[in-house]
Structure formats: C-alpha cells, structure tokens
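Trainee: Offset between the sequence shown (1-based) and this note's numbering: plus 6.
A virtual CB, placed ideally from N, CA and C, is assigned to each residue, including glycine.
Please read all numbers here as calculations on a predicted model, not as lab measurements.
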Amino acid sequence: MQHLLSTVKLTKPQIMQYINMAKQFKDQNTFHCLLKNKTIVNLFYEPSTRTSCSFHKAMLQLGGSVINVTDKYSSVEKGETLEDTIKTLSLYGDAIVLRHPLIGASLRAAAVASVPIINAGDGAGEHPSQALLDIFTIQTELMKYGLDINEENREPIVVTFMGDLKNSRTIHSLIHVLCLFPGISFLFVNPPGLEMPSSITDKLSQLNIAFSQEQTLEVALKTTDVLYVTRIQKERFLNPADYETIVINTVNKEMLKNAKEKMIIMHPLPRLTEIDVDVDNDIRAVYFEQVKNGVYMRMAILAQLLL
Ligand code: NCD
Numbered sequence: 007m008q009h010l011l012s013t014v015k016l017t018k019p020q021i022m023q024y025i026n027m028a029k030q031f032k033d034q035n036t037f038h039c040l041l042k043n044k045t046i047v048n049l050f051y052e053p054s055t056r057t058s059c060s061f062h063k064a065m066l067q068l069g070g071s072v073i074n075v076t077d078k079y080s081s082v083e084k085g086e087t088l089e090d091t092i093k094t095l096s097l098y099g100d101a102i103v104l105r106h107p108l109i110g111a112s113l114r115a116a117a118v119a120s121v122p123i124i125n126a127g128d129g130a131g132e133h134p135s136q137a138l139l140d141i142f143t144i145q146t147e148l149m150k151y152g153l154d155i156n157e158e159n160r161e162p163i164v165v166t167f168m169g170d171l172k173n174s175r176t177i178h179s180l181i182h183v184l185c186l187f188p189g190i191s192f193l194f195v196n197p198p199g200l201e202m203p204s205s206i207t208d209k210l211s212q213l214n215i216a217f218s219q220e221q222t223l224e225v226a227l228k229t230t231d232v233l234y235v236t237r238i239q240k241e242r243f244l245n246p247a248d249y250e251t252i253v254i255n256t257v258n259k260e261m262l263k264n265a266k267e268k269m270i271i272m273h274p275l276p277r278l279t280e281i282d283v284d285v286d287n288d289i290r291a292v293y294f295e296q297v298k299n300g301v302y303m304r305m306a307i308l309a310q311l312l313l
C-alpha cells in the first residue's frame, strides 16, 4: 500500500509519471469510470477551499464517491484521537485525504491506517499534492516559453520564494521536488523571522544548489523566472501580536515592469494582500491555472494510489 505523505522521497521518474498522467487527464477533460465503486474520505481538521474541493471533483471525475468529514462535526469534537478516527474511516473509504494542524499527523495516521493516506497539509510541515500540481504548472507554463525544466542544457532557471518561508508547507514540499531538476537556483524574500527552515537550506548546500536571501523583491524580480508567493501563515503564530508586526510586501503591476517578460507568478492561494488583484490579468499570473491543474493532478494521484 502506497501513501503520499511527503515529497522528500519522491524520485524524478515518479514525478514525471504524475505530470504525464495529469497532462493526459487535462487533455481529455472528460469523465472516467476508473475509480467506480471506490470512495475517498476527505478528513479536514483545518479550513480548505481548493484542496478539499479539488480532491472531491477529481474523485467524481474518476467515477468514484466522496465522504466529507470535518473536525467540528465529527467525534473529534468529543475528544476522539486521530488514531481512532483514522481506524474508523479506513473502514468506510479506500483512501483518506487528511489535513491537520500538527506536523507529522499524516505519518501518525499512516501508522494505523489500512488504506492509503494522502497528506493534504500537516501544520507547517508538508503539502505534497500541492507541490505536484505546482511542478505540473511550472512544467507546462515554462514550456510555453520554450523552457523545458527537464532539459540538462537549457538556460538556468531562477525560482524566487516570497512570503512566509518558515511556515509555508506548500513551499517546503515544492522545494524538495525542484531539487531533483537540473539548473535551478533559488532566491528567498521574506520578512525577518520567517526564514526558510535550516533543514531545507542544509539540504540545498549539501546538493550544491545555489540559493540566496534577497532584501527586496524589486532586486529579485530582475532575474526571476518563477515567482512563488505565499501569505503569512497567521494560524502558525503562537503569539497573535507577533503576526500584527509583520510588514507584508505586495506584488503589483508597477513592480512587474522590472520583471522578465517570460516569467510566471504563482500562489497556492488563498491570497490576502501579497498580490494586487490588478496583477490577475497579467499574462504571467498563473495562480488560477494552478487551481485548474489541481483537479487533474489530484486525479493522477488518486488513480496512482487507488488502482
Ligand atoms: C495552502 C495551504 O493550505 O497550505 N493552501 C492550499 O492548499 N492551496 C496555502 C495557504 O493556506 O496559505
């Protein structure tokens, strides 16, 4: 039985297989009966719009069905342990999609589950299905500029991560995936105190992958091919007053005049003020394409784990 808990151990062939399968589903854009008679349980202990809805839509598009469970309206509210909840839901579903506020929750779930667990976000830890839809988006969007991320001898690619690099689980999962591709370097733009975890920067150093801190987005933008923005993760702050002190940079139209013509702007969403709505109609903004790609990638993940 295969789970999807983290991107750390994914190999490049596995990632390419996910991308190719998602691409096929996107090209066909039709209903299938591949997972007829199968059910997934969406178990969410934290709010979600895109992740829960896209897993739901993906499952319906594959002919399967979905049971939605939230902590507020389940026995979790009565104090049931995560382990007992997972053991129970394993009896109803063929896979469990789990979002939980604690790092490592999906690992705990996998230890007692009798069906595949898909980590849909464990606190500030990881969010592997988002990383897979992100790499799918990067691959297809850069291809439009003639840049193949898989190609050894192409131009180098600069990926800039901006926002809450300490707590953004989507960034943590994506950077492990990007490390597998040649010729990618990283720029980090973040408020003080929200730096990339040292476990990740240590890994980059060990792999000899270039990364550096930039003080301003304006400087970073000049060389950026992929700008990946995240919101400050308010719910991870132990002291709410600390969140209020954070100064947030906003990507706006004016700033983008200094960016490359052939680059892309990504965001896992939800967005607060870190990207101006004026940017949405810029051809380089692909965050709603990420939303769309999420369904096809989640179809690929479900097909991969359940067939
Ligand atoms: C992200 C998450 O939940 O980590 N959202 C998502 O799944 N698309 C990003 C966020 O909440 O900031």
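Is the distance from the Cβ of Leu193 to the Cβ of Ala226 below 8 Å?
Mentor: Their beta carbons are under 8 Å apart, which means Leu193 touches Ala226 by this criterion.
Trainee: What does a CB cutoff of less than 6 Å around Tyr302 pick up in its chain, not counting 5 residues either side in sequence?
Mentor: Once the five neighbours on either side are set aside, the close Cβ partners of Tyr302 are Ala28, Phe31, Lys32.
Trainee: Kindly confirm or deny that the stretch 58-70 and the stretch 303-310 touch, where touching means at least three C-beta pairs closer than 8 Å.
Mentor: The stretch 58-70 is in contact with the stretch 303-310.
Trainee: I need the DSSP call for Ile215, collapsed to helix, strand or coil.
Mentor: Residue state, collapsed to three classes: coil.
Trainee: Any residue with its C-beta under 7 Å from a non-hydrogen atom of ligand 1 counts. Can you list them all in chain order?
Mentor: This selection yields Ser54, Arg56, Thr57, Gly127, His133, Gln136, Ser174, Arg175, Thr176, Thr236, Arg237, Gln239, Pro274, Leu275, Pro276.
Trainee: So within the stretch 35-99, which uninterrupted beta strand (DSSP E) runs reach at least 3 residues, ignoring any that extend past its ends?
Mentor: Segments of the beta strand (DSSP E) lying fully in the stretch 35-99: 45-50, 71-76.
Trainee: Apply the 10 Å Cβ neighbour rule to Val283 and answer buried if 16 or more other Cβ atoms are within range, or exposed otherwise.
Mentor: That one is exposed.
Trainee: With DSSP collapsed to three states, give me the class of Ile25.
Mentor: Looking at Ile25 - three-state DSSP - the assignment turns out to be helix.
Trainee: Run through DSSP, which three-state label would Thr207 get?
Mentor: It is helical.
Trainee: Go to Leu233, then tell me how far its beta strand (DSSP E) extends in each direction, as first and last residue.
Mentor: Segment 232-235, the beta strand (DSSP E) holding Leu233.
Trainee: Please classify Pro162 as buried or exposed, where buried requires at least 16 neighbouring CB atoms within 10 angstroms.
Mentor: Under this definition Pro162 is an exposed residue.
Trainee: In terms of residue numbering, what span does the beta strand (DSSP E) encompassing Thr166 cover?
Mentor: Note, Thr166: beta strand (DSSP E), 163-168.
Trainee: So what's Asp328 in DSSP terms, helix, strand or just coil?
Mentor: Past the edges of the chain, shown from 7 to 313, lies residue 328, and the structure says nothing about it.
Trainee: Three-state secondary structure (DSSP) at Leu193?
Mentor: DSSP places Leu193 in strand when its eight states are reduced to three.
Trainee: Counting C-beta neighbours from all protein chains within 10 Å, is the total for Ala247 16 or more, i.e. buried, or is it exposed?
Mentor: Exposed.
Trainee: Does the contact criterion of 3 or more C-beta pairs under 8 Å hold for the stretch 226-246 versus the stretch 207-215?
Mentor: No: the two stretches stay apart, fewer than three of their Cβ pairs being nearer than 8 Å.
Trainee: Report the rounded CA-to-CA distance for Leu49 versus Asn264, giving the unit in angstroms.
Mentor: Their backbone Cα atoms lie some 43 Å apart in a straight line.
Trainee: Identify every residue that forms a DSSP beta bridge with Val257.
Mentor: Its beta-bridge partners are Ile281.
Trainee: To the nearest angstrom, how far is it from the Cα of Thr94 to the Cα of Pro198?
Mentor: Each residue's alpha carbon lies about 43 Å from the other.
Trainee: Ends of the beta strand (DSSP E) at Arg304?
Mentor: Where Arg304 is concerned, there is no enclosing beta strand (DSSP E), although the alpha helix (DSSP H) it sits in stretches over 293-312.
Trainee: Starting from the Cα of Leu313, find the closest Cα among Ala101, Tyr293, Tyr79 and give me that residue.
Mentor: Closest by alpha carbon: Ala101.
Trainee: If you run the structure through DSSP and keep just helix, strand and coil, what is Ile109?
Mentor: Looking at Ile109 - three-state DSSP - the assignment turns out to be coil, as it is neither helix nor strand.
Trainee: Classify Pro19: buried if its beta carbon has 16 or more other beta carbons within 10 angstroms, exposed otherwise.
Mentor: Per the 10 Å Cβ criterion, exposed.
Trainee: Measure from the alpha carbon of Tyr249 to the alpha carbon of each residue in Phe37, Ile289, Gly169, then state which is nearest.
Mentor: When only C-alpha atoms are compared, the closest one is Gly169.
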